[in-house]
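Working notes for the structure below.
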Amino acid sequence: MIARIALVAVGLAVMVGCTPKKLMLNEQFVPGHAKTVRESIKTVGSTKEETLNNYYLQVCDVDAGVAKNCKTTLVLENVVNYDVQTGWSLK
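Counted the way the working numbering counts, the sequence shown spans residues 1143 to 1233.
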């Protein structure tokens, strides 16, 4: 019984450690406001044809060149990010 609990705990630790990290797409400093805005995506799943991503914006105060007091907002859930996957963009 104890061995089974230990095995489940190790399995959960491995799953948590293997979760995808956010990929930063862009970071811009906002002059006159001492803020930085970061765009990032994180893979959250897939279908047979496409990868699904969540898109985030993070706004941070900048003090002495260091980002502090960051607030992250989930903007879009479960979207296909063609710009990242194919390099195609509307820019």
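Where a beta carbon is used, it is the ideal one built from N, C-alpha and C, also for glycine.
Buried or exposed for Asn1168, going by 16 or more other Cβ atoms inside 10 Å?
With fewer than 16 other Cβ atoms inside 10 Å of its own Cβ, Asn1168 counts as exposed.
Unbroken beta strand (DSSP E) run spanning Lys1177, endpoints:
1177-1188
Report the rounded CA-to-CA distance for Thr1185 versus Val1179, giving the unit in angstroms.
20 Å
Could you tell me the boundaries of the beta strand (DSSP E) in which Lys1210 lies?
For Lys1210, the enclosing beta strand (DSSP E) starts and ends at 1208-1221.
Which stretch, first to last residue, makes up the beta strand (DSSP E) that contains Glu1191?
Segment: none, Glu1191 is in no beta strand (DSSP E) and carries neither H nor E.
Given Val1221, which residues of its chain have a CB within under 8 Å of its CB, disregarding the five upstream and five downstream residues?
Leu1194, Asn1195, Asn1196, Tyr1197
Apart from the five residues just before and just after Gly1187, which ones in its own chain have a Cβ nearer than 6 Å to its Cβ?
Leu1194
In the DSSP output, which residue or residues are listed as bridge partners for Leu1167?
Per DSSP, none; premise fails for Leu1167.
Skipping 5 residues on each side, what residues in its chain have a beta carbon closer than 6 Å to that of Cys1212?
In the same chain as Cys1212, and ignoring 5 residues on each side of it, the C-beta atoms closer than 6 Å to its own belong to Gln1200, Cys1202, in chain order.
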